[in-house]
Structure formats: structure tokens, C-alpha cells
Amino acid sequence: MSKGKFITIEGGEGSGKTTLIGRLADRIKEKGYEAVTTREPGGSPIAEAIRNVILERSHTKMDGRTEALLYAASRRQHLVEIVVPAIERGAVVLCDRFIDSSLAYQGHARGLGMEAVWEINRFAVDDCMPDLTLFLDLEPEAGLARIEANALREVNRLDLEGLAFHRKVREGYLEVAGRFPERIVTIDAMRSPEFVLEDAWRYLEARLG
Ligand code: TYD
């Protein structure tokens, strides 16, 4: 593998992305590759500054299109500063959320329309799409119950959205997964983390070659 791989992990709140990414990174390192774990929005100083603007709880007046543009701006900066250089040096990049989050959250759940959100993101990513996307699918009720059980979690502006919003996010993800079947694999995240890890690793290992 001369060039690296770009792997994104997607899913609603409480779907277990963070735990999975840590475990996948360990396995990638065991195979002798460099693993870079990162997240959106954020992942570099400029992108983190944009993240703070987006997720600040007091920013209740934020317009939906402003929100979508800020996510796309943060994505662009993170891609150029972190993701592309890592792929160029042969690393496997594991990124917590990417373009599909915008399609599901802003495009579908916020109602901006997937086509409009796809267009601004096409400009932002400039053809740099993931080699593989692991979508951790679970019932929003179960995801929200998991995060509520975590007393240490930070509560951001999007966490304050209700169940109806998170149901729409899931609908959006299912639609996106149907639209990009070669890139996105759907993994049943209602099961225990061990099963999710084994499924995810099977797909990922196949892409490493
Ligand atoms: P974060 O605390 O990173 O959430 P999580 O642990 O669930 O990934 O907050 C990121 C929030 O931003 C999350 O609610 C999803 C949302 N989001 C979008 O709405 N659009 C996007 O394009 C991205 C990347 C995230």
C-alpha cells in the first residue's frame, strides 16, 4: 500500500463511533501501518475554532445554511491540513464523521435538501472522498439512552435536539447509504461493541489489501 486510505465512520448520537475508532486504530498499527485518528468538525486549530462557533450552546439563532456552510468550511480546512498529508505519507486515516454527516443532519434532518448540501460539500472536498465509510446504524432511542448514561459527556447545541430530529438523522443516513452502496457499509450498532468491531474490521481489512 503506497498511498494511504481514507476511512470515515458515521452514525447518530451514541452509536459508538469513538470506541470503534480506537479499537480499529490498534488493529491497523498491529498490521504495521500508521493510523491517524481524527474527527469532524474540528481536528486542526482553525477547524476547531469553526467547531466552537457551530456547537456553542448560546448560538441559538444560527441559520441552517450558515450551519451547513460552517461544517463545509471546517471540513475543507481539516482535509487540507490533516487528512491529505496523512494519506500522502501512507497512513490510514480514521475520521469520526465527514460529508455524510452533513447530508444526513443538514440535508435531511434540517431540511436543506441533500442536493444543495451535496453541492457546497463538493466544492469543499474537491473530489477527495473516503475509500470506505462505516455507518453505525442504531435506533435513535437506544443511542440517546447510551449518551444520557454517560455523565462526563459534553452537551452541545445539536445534543439539545429532540428525538424527532434524531429520527430524521437516521432516515437521512439510510438514504445516503442507499445512494452510495460501493462506498458505505451499514453495520448494525444495536449489538455489543465486540460484534461491531469484528464486522467493521472485516470490511476495513479488505480495503487495506
Ligand atoms: P460531537 O460532539 O463531535 O458529536 P458526536 O460525538 O456525536 O460525533 O458533535 C458534533 C455534532 O455535529 C453532532 O451532533 C453531529 C453534528 N454534525 C453535523 O450536523 N453535520 C456535520 O457535517 C458534522 C461533521 C457534524
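First residue of the sequence shown? That's 748 in my numbering, and the numbers climb one at a time after it. Every residue gets a Cβ at the ideal spot worked out from N, C-alpha and C, and that includes glycine. All of these numbers come straight from a predicted model, not from anything done at the bench.
In this structure, residue 881 and residue 934 form a Cβ contact; the two beta carbons are roughly 6 Å apart against a cut-off of 8 Å. In the structure shown, residue 884 adopts extended strand secondary structure according to DSSP, grouped into three states. Positions of the beta strand (DSSP E) runs, each at least 3 residues long and wholly inside the segment 874-955, are given as 879-884, 931-935 in order along the chain. Residue pairing of residue 756 in beta bridges, as defined by DSSP: 843, 881. Across the structure, residue 890 and residue 919 are spaced so that their CA atoms are roughly 16 Å apart. The beta carbon of residue 930 lies closer than 6 Å to those of 880 in the same chain, with the five residues before and after it left out. Distance from the CA of residue 955 to the CA of residue 938, rounded to the nearest whole angstrom, comes to 25 Å. Secondary structure of residue 807 (DSSP, three-state): coil. Annotated as proximal: residue 751 and residue 839, with beta-carbon spacing under 7 Å.
Under the DSSP assignment, residue 782 falls in the beta strand (DSSP E) whose first and last residues are 782-786.
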